[in-house]
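S.K.: For the sequence shown, counting from 1, position 47 maps to 47 in UniProt numbering; every step adds exactly one. Can you keep this structure in mind? I'll have questions shortly.
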Amino acid sequence: MTVKFSKCSIGDLIKLQEVSIETFHDTFKDQNSPENMRTYLEKAFNTIRLKKELSNPNSEFYFIYYNEETAGYLKVNVNAAQSEQMGDESLEIERIYIRNKYQGKGLGKLLINKAMEIAVAQNKKNIWLGVWEKNDNAIGFYKKIGFIQTGAHSFYMGVEEQIDIIMTKPLK
Ligand SMILES: CC(C)(COP(=O)(O)OP(=O)(O)OC[C@H]1O[C@@H](n2cnc3c(N)ncnc32)[C@H](O)[C@@H]1OP(=O)(O)O)[C@@H](O)C(=O)NCCC(=O)NCCS
1 MTVKFSKCSI GDLIKLQEVS IETFHDTFKD QNSPENMRTY LEKAFNTIRL KKELSNPNSE
61 FYFIYYNEET AGYLKVNVNA AQSEQMGDES LEIERIYIRN KYQGKGLGKL LINKAMEIAV
121 AQNKKNIWLG VWEKNDNAIG FYKKIGFIQT GAHSFYMGVE EQIDIIMTKP LK
């Protein structure tokens with residue numbers, strides 16, 4: 001098997017949009033109403049918004065490929081692009097998604113390693129993320145690889161207020 005990464009550019013907009021919508025929908029469809037899901041997908045992954053995110057110098061997106069197939073993606077933020085004011089010594093993993101059929105093959109861990117590599121290269125002291133309190137699978141994964149809960153914040157899924165747990169991993 002071969003695994004590769006590629007940094008996304010503006011030319012990847014449509015592919016990124018497709019992978020983002022597919023993976024978000026597959027992950028959360030069973031725990032959210034179709035109406036809230038539709039509202040969220042339109043808001044979070046419309047082309048104008050994604051284009052802006054791809055153009056932000058404080059954000060980076062990466063695809064991960066498994067045997068030449070697009071298997072998932074990562075979005076990291078630093079400085080003012082972080083969704084909480086965590087300061088200049090932190091890097092946020094805002095999105096980490098592996099497509100269903102590629103899960104459980106070590107690719108999520110490789111994306112975390114990629115985020116850590118980027119953080120270390122920029123002299124960051126920790127990486128952090130927000131995860132929905134009901135996303136037991138992701139929380140189990142993050143705990144397994146050394147993240148600990150350091151806080152919580154709320155966000156809106158459509159009209160429904162939901163709680164994200166904030167988890168952090170220090171970098172040596
Ligand atoms: C969460 C996610 C990124 C993990 O990626 P993955 O490729 O399936 O996980 P990996 O195969 O890299 O697992 C790495 C390690 O974590 C362990 N692990 C994975 N899920 C776990 C869980 N739920 N509980 C405990 N350990 C877990 C694996 O056993 C593996 O351990 P090992 O290194 O000892 O072999 C992936 O399942 C995913 O994209 N889920 C849907 C989207 C999502 O929820 N994203 C997060 C939004 S905040």
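Positions of the beta carbon are idealized from the N, C-alpha and C atoms, including for glycine.
Quick one: is GLN82 buried, meaning 16 or more other Cβ sit within 10 Å of its Cβ, or exposed?
M.R.: Residue numbering aside, residue 82 sits at position 82 when the sequence shown is read from its first letter. Buried.
S.K.: Check for me: the beta strand (DSSP E) holding ASN126 runs from which residue to which?
M.R.: What you label residue 126 is simply residue 126 of the sequence shown in a count that begins at 1. Taken as a continuous stretch (DSSP letters only), the beta strand (DSSP E) holding ASN126 covers 126-132.
S.K.: So the beta strand (DSSP E) THR168 belongs to, where does it begin and stop?
M.R.: Within the sequence shown, numbered from 1, the residue matching residue 168 stands at position 168. Per DSSP, THR168 belongs to the beta strand (DSSP E) from 160-170.
S.K.: Between MET157 and TYR40, is the Cβ-Cβ spacing less than 8 Å?
M.R.: Residue 157 sits at position 157 when you count from the first residue of the sequence shown. Residue 40 sits at position 40 when you count from the first residue of the sequence shown. In this structure, TYR40 lies closer than 8 Å to MET157 by Cβ.
S.K.: Identify the continuous beta strand (DSSP E) that holds ASN113 and give its terminal residues.
M.R.: Along the sequence shown, read from residue 1 onward, the residue named residue 113 stands at position 113. Taken as a continuous stretch (DSSP letters only), ASN113 belongs to no beta strand (DSSP E), being part of the alpha helix (DSSP H) at 107-121.
S.K.: In the DSSP assignment, what residue or residues form a beta bridge with GLU60?
M.R.: For the purposes of this step, residue 60 is taken as residue 60 along the sequence shown, with counting starting at 1. Bridge partners of GLU60: VAL76.
S.K.: State the start and end residues of the unbroken beta strand (DSSP E) segment that holds LYS4.
M.R.: Reading the sequence shown from its first residue, position 4 is the one you call residue 4. Unbroken beta strand (DSSP E) run through LYS4: 3-7.
S.K.: Under three-state DSSP, which class holds GLN103?
M.R.: Translated into positions along the sequence shown, residue 103 becomes position 103. In the structure shown, GLN103 sits in coil (DSSP, three-state: anything other than H, G, I, E or B).
S.K.: For VAL3 and TYR102, I'd like the C-alpha separation in whole angstroms.
M.R.: To locate residue 3, count along the sequence shown from 1; it is residue 3. To locate residue 102, count along the sequence shown from 1; it is residue 102. When rounded, the distance between both Cα atoms is 11 Å.
S.K.: Can you tell me the Cβ-Cβ gap for ASN126 and LEU74, rounded? I've got them flagged as a contact below 8 Å.
M.R.: In the sequence shown, the residue the question calls residue 126 occupies position 126. In the sequence shown, the residue the question calls residue 74 occupies position 74. Not a contact, Cβ separation roughly 17 Å.
S.K.: Could you tell me if the beta carbon of LYS114 falls within a distance shorter than 7 Å of some heavy atom in ligand 1?
M.R.: Along the sequence shown, read from residue 1 onward, the residue named residue 114 stands at position 114. No, the beta carbon of LYS114 sits no closer than 7 Å to any heavy atom of ligand 1.
S.K.: Can you name the start and end residues of the beta strand (DSSP E) that MET37 belongs to?
M.R.: Taking the first residue of the sequence shown as position 1, residue 37 is located at position 37. Run containing MET37: none in the beta strand (DSSP E); it sits in the alpha helix (DSSP H), 34-44.
S.K.: Using the C-alpha atoms, what's the distance from ALA121 back to ASN32?
M.R.: Within the sequence shown, numbered from 1, the residue matching residue 32 stands at position 32. Within the sequence shown, numbered from 1, the residue matching residue 121 stands at position 121. Distance between the alpha carbons of ASN32 and ALA121 is about 38 Å.
S.K.: Output yes or no for whether 8 Å exceeds the beta carbon distance between ALA71 and LEU16.
M.R.: The residue you call residue 71 lines up with position 71 of the sequence shown. The residue you call residue 16 lines up with position 16 of the sequence shown. Taking 8 Å as the Cβ cut-off, ALA71 and LEU16 do not qualify as a contacting pair.
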